[in-house]
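Read the structure below first, then the notes.
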Amino acid sequence: MDRRSFLKNSAAASALMTVPLASKVASAGKKSNSLIFASPGTPQSLDSEFDTSLGTFDFISACYDSLIAYDTIPDPKDPDAKREDLKKYPDRPSGHKMYGKLAESWKIAPDMTSVTFNLRKGVKSHWGNELTAEDVKWSWDRKLALGAIGGFFASVIGLSKPEQIQVDGKYTVSFRLDKPAPMLMRLHRNPYNNILDSKKCKEVATSDDPWAKEWLKNNVAGYGPYNMVSIDRGASAVAKARKDYWNGKPAIDTFIMQEVTSSSQRAQLVKKGSVDVAQFLTPLEVASLKNASNVAIDSVQSSWMDWLHLNCAEKPFNDKRVRQAMNYAFPKAAAIKSVYQTYGKVLEGVMPDIYPGYVPGTTYNKQNLDKARDLLKDAGYPNGFETYVIYDAGQTFQEPLLVLYRTALEQIGVKLTLKKTPSASYFKEIVAKKHPMTFYRDAPWSPDPGYALNLYYLSSSFVNYSNYNNPEVDKILTAAASEGNAAARFEMLDKCQSIILDDAPVVLISNPDFSLVRNKDLKGYTYRTYNHTCAGDFYWA
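Here it is in structure tokens:
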């Protein structure tokens with residue numbers, strides 16, 4: 023199937039009939055003003071408060087903007103790519119190099135209890151409404167009121183009531199907290215802390231839905247570089263570049279997300295030039311495209327972590343010796359070589375190793391079946407036990423990893439049953455937190471040790487899928503969240519990582535690379551720690 027045939031037979035084609043770009047889009051293998059992603063799924067919702075599905079993230083990144091962002095640097099591994107600059111800069115506010123997006127400038131209190139943002143003037147939304155401080159306040163008031171993803175963000179910086187967000191002028195807004203918030207600036211850079219056009223949202227809100235939840239599922243109201251043209255769930259989503267974008271019209275006119283659920287088919291489509299980017303291919307598929315003449319691969323070190331959550335609230339995994347044994351049993355070296363095809367490395371610690379404050383571990387880096395047997399014997403399981411693991415049927419790399427693991431566990435008497443779970447119900451099963459073992463790939467979106475550790479290991483966290491509960495860890499994380507002294511805070515979080523590593527609530531597997539498989543003439547890829555792309559970065563060479 024060539025690019026013309028692919029578009030002709032897709033919902034993207036009908037969507038594009040509304041814009042005068044169809045002939046350019048259909049130009050097989052040429053520099054065009056379109057960008058077509060073959061994606062595992064189209065956006066399930068366009069409301070960043072509630073949805074983190076694969077398609078949603080990329081589409082929101084195209085249509086919305088945050089207040090600030092990290093500066094970028096060349097990727098040390100891939101000369102064609104850039105990445106966020108996460109190095110520490112003690113002379114900079116919050117210790118990082120950042121630049122303004124919707125915010126033109128800002129001032130942070132030395133004790134990290136407040137920040138004031140001065141917004142860019144004349145910035146217009148997709149609906150023609152000018153950005154003001156009221157939009158920033160309304161966006162955060164909404165997070166507090168709905169208490170979902172944004173509610174977690176608010177809790178991380180100690181934001182608990184609308185009065186803490188002050189409109190100081192038409193283009194000036196401040197966040198005033200009761201305690202120091204070390205993550206204050208890093209949270210504002212998060213792509214899910216985008217700013218909504220409050221005027222438009224209020225127009226479509228109802229008495230039963232004052233925060234426009236229903237409308238925002240299917241529409242956008244942002245200040246980003248692209249505006250939605252259409253969305254046909256299960257088929258495609260289309261966005262068009264904005265001529266009036268505050269930072270100039272994006273280089274590529276039309277962004278199309280085409281749903282292709284089969285990763286092998288996505289690989290074939292990019293190889294044939296029918297699409298420009300094939301998302302989320304397996305390592306074997308990435309390796310198979312190395313020598314394709316029209317394909318380039320950007321493979322960079324990522325914040326992803328592949329691991330197995332162990333249910334710490336139920337036998338046998340309520341005993342940390344059993345959890346430690348499960349870690350010692352995993353054949354990490356074999357997995358990196360055969361399943362990951364060296365596109366990744368062993369996961370040594372309990373958070374991404376590219377983040378500031380990371381503490382490497384050496385305990386479980388190599389398989390040690392003798393140590394695993396001894397631990398099981400000490401825990402009262404000399405003959406092992408039976409258990410099962412659920413995994414995502416749509417992520418085809420997971421099963422071969424688990425087959426390797428099952429074989430290894432047999433050698434220490436543990437019988438592991440693999441339960442393939444349909445992608446449509448996989449996340450629902452994970453959040454139920456009822457299974458003994460779950461395979462999970464995730465990354466903390468904000469590059470901060472406090473954020474990462476709170477997300478997965480705080481006993482009250484929604485994302486603590488291991489039911490892990492250590493009062494000492496909770497105490498340290500709570501104290502560190504408002505510790506204004508950076509050195510003291512990192513010392514606290516270093517200790518926390520060591521405790522968690524010893525408790526072993528997860529089986530550490532891999533830090534996989536993020537591999538973007540693209541047309542060789544497509545340039546501009548920038549890696550960000552939320553492991554998704556921004557359409558506005560790209561251009562045709």
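Positions 23 to 563 (this note's numbering) are the ones given, in order, by the sequence shown.
All C-beta atoms, glycine included, are put in the ideal place defined by N, C-alpha and C.
A distance below 8 Å between beta-carbons, with the five flanking residues on each side excluded, links residue 343 to the following residues of its chain, in chain order: 397, 398, 400, 401. For residue 186, the three-state secondary structure derived from DSSP is helix.
For residue 485, the secondary structure class from DSSP, reduced to helix, strand or coil, is coil. Residue 86 sits in coil when the DSSP states are folded into three classes, being neither helix nor strand.
For residue 516, the enclosing alpha helix (DSSP H) starts and ends at 508-525.
Sorting 198, 183, 146, 182 by C-alpha distance to the C-alpha of residue 219 places 146 at the top. In this structure, residue 199 sits away from residue 188, with a CB-CB distance that is not shorter than 8 Å. Ranked by Cα distance from residue 156, the first of 222, 556, 452, 552 is 222. In chain order, 223, 226, 227 place their CB closer than 6 Å to the CB of residue 234, counting only its own chain and leaving out the 5 sequence neighbours on each side. Contact between residue 540 and residue 320 holds: CB atoms are separated by about 7 Å, below the 8 Å threshold.
DSSP places residue 312 outside both helix and strand once states are collapsed to three, so it counts as coil. A contact between stretches requires three or more CB pairs, one per stretch, nearer than 8 Å, and the stretch 205-212 meets this requirement with the stretch 168-187. At the C-beta level, residue 332 and residue 485 stay beyond 8 Å of one another. In this structure residue 295 is buried. Its beta-carbon is surrounded by 16 or more other beta-carbon atoms within 10 angstroms. Between residue 351 and residue 391, the C-beta gap is smaller than 8 Å, which places the two residues in contact. For the 8 Å CB-CB criterion, residue 248 and residue 70 do not form a contact.
Here the stretch 53-63 lies against the stretch 278-288, with 3 or more beta-carbon pairs under 8 Å apart. The stretch 358-374 makes contact with the stretch 299-307, as at least three CB pairs between them are under 8 Å. Taking one beta carbon from each stretch, the stretch 546-563 and the stretch 71-87 have 3 or more pairs nearer than 8 Å; the two touch. Within the same chain, and ignoring the five residues on either side of residue 418 in sequence, the residues whose Cβ sits closer than 7 Å to its Cβ are 285, 304. Within the same chain, and ignoring the five residues on either side of residue 376 in sequence, the residues whose Cβ sits closer than 7 Å to its Cβ are 108, 323, 325. Assignment of beta strand (DSSP E) within the stretch 329-401, counting only whole runs of 3 or more residues, yields 366-368 in chain order.
Contact between the stretch 266-282 and the stretch 109-119 is absent: fewer than 3 CB-CB pairs across the two stretches fall below 8 Å.
For residue 60, the three-state secondary structure derived from DSSP is strand. Secondary structure of residue 476 (DSSP, three-state): helix.
By the neighbour-count criterion, in which 16 or more other beta carbons inside 10 Å mark a residue as buried, residue 133 falls on the exposed side. In the DSSP assignment, residue 462 is bridged to 329. Contact between residue 349 and residue 386 holds, since their C-beta atoms are separated by about 4 Å, short of 8 Å.
DSSP assignment within the stretch 188-246 yields the following whole beta strand (DSSP E) runs of 3 residues or more, N-terminal first: 194-198. By the criterion of a C-beta distance shorter than 7 Å, residue 477 is surrounded in its chain by 466, 483, 485, once the five residues flanking it on both sides are discounted. With respect to residue 193, residue 141 sits close: the two C-beta atoms are nearer than 8 Å.
Under the DSSP assignment, residue 285 falls in the alpha helix (DSSP H) whose first and last residues are 285-294. Leaving aside the five residues that flank residue 87 on each side, the residues in its chain whose CB is nearer than 7 Å to its CB run, in chain order, 123, 124, 216, 217, 244, 245, 246. DSSP links residue 411 through a beta bridge to 440.
Secondary structure at residue 540: strand, using DSSP grouped into helix, strand and coil. Among the bridge pairs identified by DSSP, residue 280 is matched with 60, 258.
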